[in-house]
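In structure tokens form, the structure reads like this:
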């Protein structure tokens with residue numbers, strides 16, 4: 001369904017969410033078998049993507065950054081820690097808080113899973129011309145890096 005301008009005139013295109021949500025769902029569905037082969041859940045993969053090798057985030061900050069409830073993320077973190085993919089250390093500044101980081105195995109698994117997923121994405125992106133592809137990826141990077149508050153108002 002096409003959207004309208006603030007003046008009520010038709011834009012000739014669907015709303016962004018009407019285009020992005022079905023695409024996002026299809027991309028997630030395509031990623032799930034790749035992640036399963038690597039022994040990861042979607043939440044586990046999102047955590048690995050959000051972390052680096054240096055302990056920088058608390059569990060609460062991580063949960064917020066990946067859009068998960070902070071109580072739900074604890075089980076995911078437990079699984080990743082038991083698999084040797086992340087470290088949770090007490091924050092020296094606040095012993096109640098935990099600093100999170102990837103282990104060497106976590107870094108390797110994240111890189112391998114991401115390479116598998118991006119290889120699969122190449123089939124989809126190949127449907128775009130090189131110029132459209134560069135523009136599409138650049139636009140996605142810009143829009144996805146905007147703070148949520150800037151989008152929601």
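Residue numbers (the numbering used here): 1 to 153.
A virtual CB, placed ideally from N, CA and C, is assigned to each residue, including glycine.
Report back the beta-carbon spacing between residue 81 and residue 88 to the nearest angstrom; my notes put them in contact at under 8 Å.
Residue 81 sits at position 81 when you count from the first residue of the chain shown. Residue 88 sits at position 88 when you count from the first residue of the chain shown. Correct: roughly 6 Å between the Cβ atoms.
Where the alpha helix (DSSP H) through residue 71 begins and ends:
Here the question's residue 71 lines up with position 71 in the chain shown. Here the alpha helix (DSSP H) through residue 71 covers 70-82.
By DSSP, does residue 127 sit in helix, in strand, or in coil?
As a first step, residue 127 must be located in the chain shown, where it is residue number 127. Reduced to three states, the DSSP call for residue 127 is coil.
If you draw a straight line from the alpha carbon of residue 108 to that of residue 99, how long is it in whole angstroms?
Translated into positions along the chain shown, residue 108 becomes position 108. Translated into positions along the chain shown, residue 99 becomes position 99. When rounded, the distance between both Cα atoms is 20 Å.
Are the region 34-53 and the region 105-120 in contact at 8 Å, needing three or more beta carbon pairs?
yes
Would you mind sorting residue 62 into buried or exposed? The rule is 16 or more other CB atoms within 10 Å of its CB.
As a working mapping, residue 62 is identified with position 62 in the chain shown. Burial call: buried.
Leaving out five residues before and five after residue 40 in sequence, what residues of the same chain have Cβ atoms less than 8 Å from its Cβ?
Translated into positions along the chain shown, residue 40 becomes position 40. So the list reads 48, 109 and 113, once near-sequence residues are dropped.
Buried versus exposed call for residue 44 [16 or more other C-beta atoms within 10 Å across all chains shown]
Counting from 1 along the chain shown, the entry for residue 44 is found at position 44. Residue 44 comes out buried.
Within 10 Å of its beta-carbon, does residue 142 have 16 or more other beta-carbons around it, so buried, or fewer, so exposed?
Residue mapping note: residue 142 aligns to position 142 of the chain shown, counting from 1. Its Cβ having fewer than 16 others within 10 Å, residue 142 is exposed.
Using only alpha-carbon positions, find the residue among 50, 58, 76 and 134 that is nearest to residue 97.
Start at 1 with the first residue of the chain shown, and residue 97 comes out as number 97. The shortest Cα separation from residue 97 among 50, 58, 76 and 134 belongs to 58.
Use the C-beta contact count for residue 153: other C-beta atoms within 10 angstroms, 16 or more gives buried, fewer gives exposed.
Residue mapping note: residue 153 aligns to position 153 of the chain shown, counting from 1. With fewer than 16 other Cβ atoms within 10 Å, it is exposed.
Unbroken beta strand (DSSP E) run spanning residue 11, endpoints:
As a first step, residue 11 must be located in the chain shown, where it is residue number 11. 10-14 is the span of the beta strand (DSSP E), which, as asked, contains residue 11.
Per DSSP, the bridge partner or partners of residue 40
Mapped onto the chain shown, residue 40 falls at position 40. DSSP lists no partner for residue 40.
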